[in-house]
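Protein chains in written order, with my numbering: chain L, 124 to 660; chain Z, 3 to 316. For every residue, glycine included, the Cβ atom is placed at its ideal position computed from N, Cα and C. As the structure is a computational prediction, the values presented were derived from the model and not from experiment. One structure is given here, and the rest of the page talks about it.
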């Protein structure tokens, strides 16, 4: 008995030492620093405590699908022409269905040629081809669309990450968000300046260069008029300021070719520069070699025509092609800030689809600090009240319960330091609740021991039976609560997850302290007592 | 010290009073949810903007409102809150959000309205949140499903450890607690936010704990008692565990109360839910869950089936 007891005491002391180490140093090596520094190093504070920004973004992936089908329309037109098909029309007739391409006016003589082109792997691998009277319908395969959307989402996440890195945020979270389709979660601890974040993310806009078909016109109807009243399926109308630098001018309408000549990912580098003659701000850019060739081909064939720089579905500047451009150019008509932002954006690559905010939350650092203070006060007050009551009510055994409670807290915080979990405000509440519920196991056991003593059993038998009976109940209650905490963790977000984590760790630690530690203390006390001496409980 | 010893209360004999008590609270809560304050969702569930502003000195609500009117901001709800920083009084400004594409515009509008038209003293934006209605709805669904799944998870565990009827009785009791807690939020017109939902889920776990302690004892007593009626066994089990039930609830209540009193504004709703829920959760394991076991058995006898004592399996 004595030997066994010593072993168990050893385990308890070792646990205490190890977890105290975890609280201060996490899973790393010992470091030097003040107690406060060490604590904040190992136990991460959530946004609500530290201050920072939390954003949920929606990526409009359908735009990227539309861009893909647009360029496939152009490719198909070219391929059909190459195959000698005349008169067939390739277009997207229903603007709400971005994934469907219609091929119409196919003459009986051309049917086999068209069929031959469509059966080529470049189409049949991504599209389901269905035959309709005088033509075909190409619907993007579900799997291709899914793959594409997920690529778009991943590219967006990567791009935003690069941009956020330029803000110099420590430990930013940028990941897919599970609540809705194609959403991104961004958490920037320590950055609570909304404007700064806004600028960095806003500049992650979508940029493309399109051919100008007609415009500018002062109304949408006027713009349509220049085309004879109806919009050809491969064109689109985009709004933009008549002069980008002059603020306050009413919007003008441009008719642009739907297919972009170059888009976000085609840019290799960009710098803000000034026009040597006018002194106006500009952004000079370089294109990747593939895009450069495409751009050269287009510009040399279209000298004199207009091209429009479209940023976030808005025309930002229009220029006419003076000569063939190979792989570099300038975007004119920008303010100094715009030129700087645009350059940054082009350097890191723009998003493949536009984004919008679903949820924005910023918390200032002083509010968080006040929350920590209040939470810690509440925890200490609650804990002292509980400890005092246990001493009053159970006397000797109260010390036992209080020791278990303190150890419970040490293990809980140590766990958090070890795993680098995040402590949120509800997490602090979870800690406080753990204190309340942790003491429940002790109460269960003590009440059971008292009952056994009332039945006239000897102290050692009463302790033995008390623990044995209470054990079943403790397991049942802890497992059910851990089940609900696990579900909270799976379905919750941010602060709620932090709460679930602390609650689970707290309960696990509690099984150890209330059962193993308390039992050891009881046994140690019983060991010293003479036979028949009463137990203080 | 010992407060409870050899208690002998006939809980089941008072079941009609207990039922009436539960009915009064749940029905008044349901009425409030349906006809009075409805379910007062917080900004994270219904969408909208909330800006927390702290002022150098106690602000005049009328002046803030005038500042918004001058800037053309309508529908702003201005509410003084118990601040987290004693020296700086705080005001919560809420705006409804209609569009899903939220940005930082609402925050900027509030800020510029105050900057332009509020001259009583300095102020600072402490925090701001804008959520689109769709994102709010998604969160609402998520919260609802999290609650449902955790109930199902517990039902299955109790089914496995006890018997199905125990699981059903426990889940009904927990559902009763959730209903009354949400009802209390509706009656007092306090906002239900994401953290409140976390608190309610904690309650689900807590109330379940309480119920299991009683059930465990019923199971244990049934294993030895052969001649007693189920009602007697249940009564005895409740009384035997009563001291533990009251002590634990009292102690947990103590910690939650300290959270409610010292926890500051952000945790106010959270601790309110726990304060209400711990009282109700303790009550329901005695007054709802255990009587259900007896009622189930009575019903089986009335239907002419054999009276099975649930719990021989232990």
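> So which residues on chain L does residue 131 of chain Z lean against when the C-beta distance must stay under 9 Å?
Replying inline: Within the second chain, residue 131 of chain Z is the residue found at index 129, counting from 1. Within chain L, the residues near residue 131 of chain Z are 177, 482, 483, 484, 485 and 486.
> Going along the chain, which residues of its own chain have a beta-carbon closer than 8 Å to the beta-carbon of residue 175 of chain Z, five neighbours each way excluded?
Replying inline: For the purposes of this step, residue 175 of chain Z is identified with residue 173 of the second chain, where counting begins at 1. Within the same chain, residue 175 of chain Z has close Cβ partners 209, 213, 286, 287, 290, 291 and 294.
> If we ignore side chains and look at the alpha-carbon of each, how far apart do residue 463 of chain L and residue 394 of chain L end up?
Replying inline: Along the first chain, one-based indexing puts residue 463 of chain L at 340. Along the first chain, one-based indexing puts residue 394 of chain L at 271. Roughly 7 Å separates the two Cα atoms.
> So, residue 501 of chain L versus residue 152 of chain Z, is the Cβ gap smaller than 8 Å?
Replying inline: For the purposes of this step, residue 501 of chain L is taken as residue 378 along the first chain, with counting starting at 1. For the purposes of this step, residue 152 of chain Z is taken as residue 150 along the second chain, with counting starting at 1. Not a contact, by the Cβ cut-off of 8 Å.
>> Give me the chain L residues within the contact set of residue 249 of chain Z, using Cβ-Cβ distance strictly less than 7 Å, ordered along the chain.
In response: For the purposes of this step, residue 249 of chain Z is taken as the residue at position 247 of the second chain. Those within 7 Å of residue 249 of chain Z in chain L are 566.
> Is the number of C-beta pairs between the region 167 to 185 of chain L and the region 291 to 311 of chain L that are closer than 8 Å three or more?
Replying inline: yes
> Which of the three DSSP states, helix, strand or coil, is assigned to residue 121 of chain Z?
Replying inline: Counting from one through the second chain, the residue named residue 121 of chain Z turns up at place 119. Note: residue 121 of chain Z maps to coil in three-state DSSP.
>> Could you compute how far the alpha carbon of residue 349 of chain L sits from the alpha carbon of residue 432 of chain L?
In response: On the first chain, residue 349 of chain L is found 226 positions in, with the first residue counted as 1. On the first chain, residue 432 of chain L is found 309 positions in, with the first residue counted as 1. Looking at the two C-alpha atoms, the distance is approximately 21 Å.
> Taking the alpha carbon of residue 142 of chain L as the point to measure from, which residue in L:499, L:355 and L:541 has its own alpha carbon closest?
Replying inline: Position 19 of the first chain, counting from 1, holds the residue named residue 142 of chain L. Here the closest residue by C-alpha is L:541.
> Under a Cβ-count criterion, where at least 16 other Cβ atoms within 10 Å of its own Cβ denotes burial, should residue 173 of chain L be classed as buried or exposed?
Replying inline: Indexing the first chain from 1 puts residue 173 of chain L at position 50. Classification for residue 173 of chain L: buried.
> If you measure beta-carbon to beta-carbon, which residues of the region 188 to 214 of chain Z are closer than 8 Å to chain L?
Replying inline: 196, 197, 199, 200, 201, 203, 204, 206, 207, 208, 210, 211 and 214
> Hey, out of L:458, L:418 and L:536, whose CA is closest to residue 163 of chain L's CA?
Replying inline: Residue numbering aside, residue 163 of chain L sits at position 40 when the first chain is read from its first letter. Of the listed residues, the one whose Cα sits closest to residue 163 of chain L is L:536.
>> Looking at chain Z, is there any beta carbon in it that lies within less than 8 Å of the beta carbon of residue 494 of chain L?
In response: Position 371 of the first chain, counted from the start, is the residue given in the question as residue 494 of chain L. So, interface residue.
> Do the CB positions of residue 335 of chain L and residue 441 of chain L come within less than 8 Å of each other?
Replying inline: For the purposes of this step, residue 335 of chain L is taken as the residue at position 212 of the first chain. For the purposes of this step, residue 441 of chain L is taken as the residue at position 318 of the first chain. In this structure, residue 441 of chain L lies closer than 8 Å to residue 335 of chain L by Cβ.
> So, is the C-beta of residue 10 of chain Z closer than 8 Å to a C-beta in chain L?
Replying inline: Along the second chain, one-based indexing puts residue 10 of chain Z at 8. False, the Cβ-Cβ gap to chain L never drops below 8 Å.
>> Contact defined as beta carbons within less than 8 Å: I believe residue 275 of chain Z pairs with residue 202 of chain Z. What is the distance between those atoms, to the nearest angstrom?
In response: Translated into the one-based positions of the second chain, residue 275 of chain Z becomes position 273. Translated into the one-based positions of the second chain, residue 202 of chain Z becomes position 200. Rounded, the Cβ-Cβ distance is 6 Å, consistent with contact.
> Does DSSP put residue 54 of chain Z in a helix, in a strand, or in coil?
Replying inline: Taking the first residue of the second chain as position 1, residue 54 of chain Z is located at position 52. Of the three classes helix, strand and coil, the one that applies to residue 54 of chain Z here is strand, per DSSP.
> Does the Cβ of residue 29 of chain Z have 16 or more other Cβ atoms within 10 Å, making it buried, or fewer, making it exposed?
Replying inline: Here the question's residue 29 of chain Z lines up with position 27 in the second chain. It is exposed - the Cβ of residue 29 of chain Z has fewer than 16 other Cβ atoms within 10 Å.
>> So residue 147 of chain Z contacts chain L; which residues on that side make the cut at Cβ distance below 7 Å?
In response: On the second chain, residue 147 of chain Z is found 145 positions in, with the first residue counted as 1. Chain L residues near residue 147 of chain Z: 614.
>> So for residue 129 of chain Z, helix, strand or coil by DSSP?
In response: Here the question's residue 129 of chain Z lines up with position 127 in the second chain. Strand.
>> Which residue marks the beginning of the alpha helix (DSSP H) containing residue 127 of chain L, and which one marks its end?
In response: Sequence index remark: in the first chain, residue 127 of chain L carries index 4 (1-based). Run containing residue 127 of chain L: 125 to 148, per the alpha helix (DSSP H) assignment.
> Quick one: is residue 13 of chain Z buried, meaning 16 or more other Cβ sit within 10 Å of its Cβ, or exposed?
Replying inline: Stepping through the second chain from its first residue, residue 13 of chain Z is reached at position 11. By the 10 Å Cβ count, residue 13 of chain Z comes out buried.
> Is the shortest distance between the beta-carbon of residue 315 of chain Z and the beta-carbons of chain L less than 8 Å?
Replying inline: Taking the first residue of the second chain as position 1, residue 315 of chain Z is located at position 313. In this predicted model, residue 315 of chain Z has a pLDDT of only 44, less than 50, meaning its place in the structure is not dependable enough to derive any value.
> Which value, in whole angstroms, describes the spacing of the CA atoms of residue 368 of chain L and residue 133 of chain Z?
Replying inline: Sequence index remark: in the first chain, residue 368 of chain L carries index 245 (1-based). Sequence index remark: in the second chain, residue 133 of chain Z carries index 131 (1-based). Low local confidence applies: a pLDDT of 42 at residue 368 of chain L is under 50, so the model's placement there is unreliable, and no value is given.
>> Under DSSP, the beta strand (DSSP E) around residue 429 of chain L begins and ends at which residues?
In response: Here residue 429 of chain L refers to the residue found at position 306 of the first chain. That run of the beta strand (DSSP E) goes 429 to 434.
>> Would the region 521 to 540 of chain L count as touching the region 631 to 644 of chain L if we require 3 or more Cβ pairs under 8 Å?
In response: yes
> How is the alpha helix (DSSP H) around residue 188 of chain L delimited, first residue to last?
Replying inline: Counting from one through the first chain, the residue named residue 188 of chain L turns up at place 65. Looking at the DSSP string, the run of the alpha helix (DSSP H) that includes residue 188 of chain L is 184 to 205.
>> Runs of 4 residues minimum, wholly inside the region 203 to 270 of chain L: which ones carry the alpha helix (DSSP H) assignment?
In response: 234 to 242 and 244 to 247
> Are the beta-carbon atoms of residue 385 of chain L and residue 271 of chain L separated by less than 8 Å?
Replying inline: One-based indexing of the first chain puts residue 385 of chain L at position 262. One-based indexing of the first chain puts residue 271 of chain L at position 148. It is not a contact, given that the beta carbons lie outside the stated cut-off.
> In chain L, what lies closer than 8 Å to residue 156 of chain Z by C-beta?
Replying inline: Counting from one through the second chain, the residue named residue 156 of chain Z turns up at place 154. In chain order: 603, 606 and 607.
>> For residue 591 of chain L, which residues in the same chain have their Cβ closer than 8 Å to its Cβ, ignoring the five residues on either side in sequence?
In response: Taking the first residue of the first chain as 1, we reach residue 591 of chain L at position 468. Within the same chain, residue 591 of chain L has no close Cβ partners at all.
> Would you say residue 192 of chain L and residue 474 of chain L are within 8 Å of each other, going by their C-beta atoms?
Replying inline: As a position in the first chain, residue 192 of chain L is number 69, starting the count at 1. As a position in the first chain, residue 474 of chain L is number 351, starting the count at 1. In this structure, residue 474 of chain L does not lie closer than 8 Å to residue 192 of chain L by Cβ.
> Taking the Cβ atom as the reference point for each residue, do residue 221 of chain Z and residue 162 of chain Z lie within a distance shorter than 8 Å?
Replying inline: Locating residue 221 of chain Z in the second chain gives position 219, counting from the first residue. Locating residue 162 of chain Z in the second chain gives position 160, counting from the first residue. No.
> In chain L, what lies closer than 8 Å to residue 39 of chain Z by C-beta?
Replying inline: Start at 1 with the first residue of the second chain, and residue 39 of chain Z comes out as number 37. In chain order: nothing, as chain L lies at least about 24 Å away.
> DSSP three-state call for residue 337 of chain L: helix, strand or coil?
Replying inline: In the first chain, counting from the first residue as 1, residue 337 of chain L sits at position 214. Note: residue 337 of chain L maps to strand in three-state DSSP.
> For the putative contact between residue 56 of chain Z and residue 128 of chain Z, defined by C-beta atoms under 8 Å, what is the C-beta separation to the nearest angstrom?
Replying inline: Taking the second chain and counting its residues from 1, the one referred to as residue 56 of chain Z is at position 54. Taking the second chain and counting its residues from 1, the one referred to as residue 128 of chain Z is at position 126. Rounded, the Cβ-Cβ distance is 5 Å, consistent with contact.
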